[in-house]
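Novice: Shown below is the structure under consideration.
What follows is the structure in structure tokens.
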């Protein structure tokens, strides 16, 4: 018996059926080990030695594999046919060697591009060894991502509070989105006019011709730039006589597009199906791994992570047979079509994405697939078979027309086209489906019969005003297309990179448009100012080229790391001397349109509108960046940054804004701004009732009704059915709550405070009581937020205890500062609190934390002294980190 290792359990079941009883197929469930998210996992001073870690779930799976190998005749590594798949096989083999279960048993690597019985059996019959060059390329990529993330992210935490992480590909992709936003903000719209004539032939047929020349000169697109010029030309055409100078019918061929790559599939699925990149890959994975069709599990498409555009010879032959059978011999070109990609750095090591069987049409598999799977398979099948079909034959007609008004002449042109033979378009139910538009965009239907030298009658002259528009924001599809063009990242990373930026709140996806958020633009501006080279498009693409050379066996992977690390580490060291004022000056300049939007009155956008003398500037507070006045503390005007409103989020000045009178007391209600943000107040003086705005409520949305509701809290709901004591709701330091007899329970939203009824309130309180833990009968602390793993291992969480919220790591509990929102705690803040708690006499684990926590300094908005925690750097590594940094 041979043990076969694949990646997914569903794939394992299918392949086991194909191979029969002589094989046992087990799944690794993806990667079995990774670099630990802590300092020293990659050690530049030890020639880039790397430490790997196996998590508990993977350890169990590796035990199952090792146990099976002990009694097996041999091992076959059949993970996916790409770099990641090669790396997984290498990890599995390395762990089995360490467990000493292989002995002299044969080990082979097989790779198949499709999960069909024929493809699997053929791969088993032609095994090979693990490709060490591909593994080296994987090791280099992981080391680079780790070194960038674990060295650059702490710089952001120290110099730019509120930033979460930076990455080798992630940061460059973010720059693309931010650069596009900068283009939009700096764009100046220009006026232009389109002029056309509706004309009639002697036979009574009407058609439209556009103005292309006047005054003896050709008119470039958008050349008519004002109404005065447009009216002059309109007058000329209104009084002109029209004659056809020439008519030309020219045959044109349109060729099909190549089969899908990962990038083009994601783009097509986005524009046609509305899928996100990650959703496209999820559905494609299911189609690749296979579905049950008539009692047999069959993979419907080939491997979906590829930048190749060519199909295998046997697939081309199969597609040609299917074309002849389903469409007829006329649709079959004389010779097969061959494609090559224009994308930068494309490897073309694998086939394009295609159906595994061209005779398996979408209609035939419809009943076996869910809606999303069917729609994506339909795209792949049509694109695949169309790529080998005959060209479409189109007749394009162009009529050149002269308008003569007393010797003043102008030229007009009318174009039209008609499909004489549909060719590959027959594969599509709609000629425009799959994005098969023409390049010139002027196929506007057939022209009527027009003859040279005949006169035309003028029906109407149209002159329409337009304005140039800024470049559009990226969609996921267009961003991925741009990444591919520039050579940034690889097919397997596109979707994950965009998802990371969304998860970090660096960008948002609004109606399929990617909009950079304030924190994302701050990070990009910081990196462009102080790490210019490492967010450069050319530099990132050239590094990808070097990694490709590694995978081709042309370059040593550690040489690539050495070259990179030397300059990158020097740049990191230079930032230690960077002053906050340097950072602020650079950000003020780079982000001027966002930070200082134009004022309606035309005044200087950097002059404080409250005091009239102070100068506005970015400020770096403990929890992020904001705009503040230089006259602080005399003037405490502040404004948060907001990409949604181009930096013009409503700000509350020192002057109270009247909202109306309280209906019960008659006191004036006002909206104000304080040290901790905006709030509403009823009355004046020390006894005045106040309430901060809850999370999600902005000053611009506060009206009289909402203010009265806030100031009326706490709200009594009714007596508890068991105790008879009152249950109430309110808004506290830690958000909305329900209260009964000294017991607080959190509510999900502020709306619950005003709407929750007695029955649900009793249920929420009962849930809180049910969390009571063992030992002294105390209620178990509820986990409010998970922050991730500590650099030394173990999760860090924010919990709600009997004395308020606190940060927990193992046996170390650190109380949050007064007024700190538990939901806003970041991992770097938590590490500082844990370190401080350990310094006051925590556990042995906590004391170890103190020795390893990097020095952290965060300057708060009110100028409070920064918290300091001393750190002892590892003796053998220059890599420095304060917390876990996410990889790309």
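In UniProt numbering, the protein residues as written are 1 to 888. Every residue gets a Cβ at the ideal spot worked out from N, C-alpha and C, and that includes glycine. Note that the coordinates shown come from a computational prediction; the quantities given were computed from them, not determined experimentally.
1. Given residue 248, which residues of its chain have a CB within under 6 Å of its CB, disregarding the five upstream and five downstream residues?
2. Among the candidates 351, 631 and 478, whose CA atom is the shortest distance from the CA of residue 114?
3. Quick one: measure Cβ to Cβ for residue 127 and residue 108, integer angstroms, because I've assumed they're closer than 8 Å.
4. In whole angstroms, give me the CA-to-CA distance for residue 35 and residue 501.
5. In terms of DSSP beta bridges, what is residue 18 paired with?
6. What would DSSP say about residue 405, mapped onto helix, strand or coil?
7. With distances taken from CA atoms, which of 204, 546, 215 and 252 is nearest residue 406?
8. Hey, could you find the ends of the alpha helix (DSSP H) residue 520 is sitting in?
9. Leaving aside the five residues before and after residue 863 along the sequence, list all residues of the same chain whose C-beta is less than 8 Å from its C-beta, in chain order.
10. Below 8 Å on the Cβ atoms is my guess for residue 588 versus residue 614; work out the distance and round it to an integer in Å.
11. Measuring CA to CA, which of 679, 759 and 681 is closest to residue 717?
12. How far does the beta strand (DSSP E) with residue 242 in it reach, from first residue to last?
13. Which residues in the same chain as residue 129 place their Cβ atom closer than 7 Å to its Cβ, once the five residues preceding and following it in sequence are excluded?
14. Report buried or exposed for residue 483, applying the criterion of at least 16 other Cβ atoms within 10 angstroms of its Cβ.
15. Name the DSSP beta bridge partners of residue 194, please?
16. Residue 700 by DSSP, collapsed to three states: which one?
17. How many whole angstroms separate the CB atoms of residue 192 and residue 301, which I take to be in contact at a CB cut-off of 8 Å?
18. Would you say residue 507 and residue 148 are within 8 Å of each other, going by their C-beta atoms?
19. Assign residue 568 to one of three DSSP states: helix, strand, or coil.
20. By how many angstroms is the C-alpha of residue 616 removed from the C-alpha of residue 607?
21. Going by CA-CA distance only, name the one from 686, 18, 187 and 477 that's closest to residue 122.
22. Along the chain, where does the beta strand (DSSP E) containing residue 795 start, and where does it finish?
23. Assess contact between the stretch 219–227 and the stretch 443–452, defined as three or more Cβ pairs (one per stretch) separated by less than 8 Å. Is contact present?
24. Locate the alpha helix (DSSP H) running through residue 827, then write down its first and last residues.
25. Alpha carbon to alpha carbon, how far is residue 730 from residue 664? Give it in angstroms, no decimals.
26. Using a 10 Å radius around the Cβ and a threshold of 16 neighbouring Cβ atoms, would you call residue 660 buried or exposed?
27. Buried or exposed for residue 556, going by 16 or more other Cβ atoms inside 10 Å?
28. Is residue 353 near residue 280, with beta carbons less than 8 Å apart?
29. Tell me whether residue 514 sits in a helix, a strand or coil according to DSSP, three-state version.
30. Give every residue of the same chain whose Cβ lies closer than 6 Å to the Cβ of residue 525, excluding the five residues on either side of it in the sequence, and list them in chain order.
31. Would you kindly work out how many angstroms separate the C-alpha atoms of residue 10 and residue 27, rounded to a whole number?
32. Out of curiosity, what's the CA-to-CA distance linking residue 86 and residue 135?
33. Checking the sheet assignment: what are the DSSP bridge partners for residue 50?
34. Measure the C-alpha to C-alpha separation of residue 371 and residue 4 and round it to an integer number of angstroms.
35. Identify which residue in 554, 699, 583 and 375 has its Cα closest to the Cα of residue 679.
36. Are the beta-carbon atoms of residue 213 and residue 462 separated by less than 8 Å?
Specialist: From the atom records:
1. In chain order, 398 place their CB closer than 6 Å to the CB of residue 248, counting only its own chain and leaving out the 5 sequence neighbours on each side.
2. 351
3. 3 Å
4. 21 Å
5. The partner list for residue 18 (beta bridge, DSSP) is empty, contrary to what the question assumes.
6. strand
7. Of the residues 204, 546, 215 and 252, the one whose Cα lies closest to the Cα of residue 406 is 215.
8. Where residue 520 is concerned, the enclosing alpha helix (DSSP H) stretches over 518–530.
9. Unreliable positioning characterises residue 863 in this predicted model, as indicated by a pLDDT of 37, which lies under 50. A coordinate reading is not provided.
10. With a Cβ gap of about 14 Å, residue 588 and residue 614 do not count as contacting.
11. Selected option, being the one with the closest Cα: 759.
12. First-last of the beta strand (DSSP E) with residue 242: 241–254.
13. 109
14. buried
15. 464
16. helix
17. Residue 192 to residue 301, Cβ: 46 Å. No contact.
18. Between residue 507 and residue 148, the C-beta gap is not smaller than 8 Å, which leaves the two residues out of contact.
19. helix
20. Their Cα atoms are separated by approximately 6 Å.
21. 18
22. 795–801
23. no
24. 827–839
25. 19 Å
26. exposed
27. exposed
28. no
29. Residue 514: strand per DSSP, three-state reduction.
30. 587, 590 and 591
31. 9 Å
32. 6 Å
33. 42
34. 33 Å
35. The shortest Cα separation from residue 679 among 554, 699, 583 and 375 belongs to 699.
36. Inclusion of residue 213 and residue 462 in the CB contact set at 8 Å is not warranted, their separation being larger than that value.
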